[in-house]
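If you're matching positions, the sequence shown starts at 25 in my numbering and goes up one per residue.
Each remark here refers to the structure printed beneath this line.
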Amino acid sequence: MPATIPEDSTIETVWAKLVYQKDYVSGALQKMRQCTKLHSNSSIKIGVTGTGQRPYYRVTYKSYDGSEQIFGSFYDTHEPLESGFVKSENWSSRSMTFDELLNFYADKIDFKGKRA
């Protein structure tokens, strides 16, 4: 059985392992856009119980008081997990903001246009 990814993994650190890199990140960015539209910010964490090929992900936002709130948790297919509040220890200790993921992805696909 392959080893699980480190507890501080992000999409950036597992990029080379992702099976469908563009589909995965573009779908995750779409969920983050939805969150940002509603809450003015968003971040993403990935699940760390697997190998990093198709990690589940969780989109969060900072509320007005600075606390982290869950927008949703999703399969790699971008469908919601049955339980949006699955165990916290299954998620990475690090996250990426919308802008960080957008810029990372744009660099990876050599996108030259407007990024935000």
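We put the CB at the ideal spot given by N, CA and C, even for glycine.
Small disclaimer: the values here were computed from a predicted structure and weren't measured.
Check                                                                                                                                       : Outcome
Write down the C-beta distance between A52 and I68 rounded to the nearest angstrom, noting that I regard them as a contact closer than 8 Å. : 6 Å
Quickly, what does DSSP pair S33 with across the bridge? List them, please.                                                                 : Bridge partners of S33: none, in fact.
Using only CA atoms, which one of S107, Y88, Y81 lies nearest to M120?                                                                      : Y81
Would you identify the three-state DSSP class for S97, choosing helix, strand or coil?                                                      : strand
Do F95 and S66 have their C-beta atoms closer together than 8 Å?                                                                            : yes
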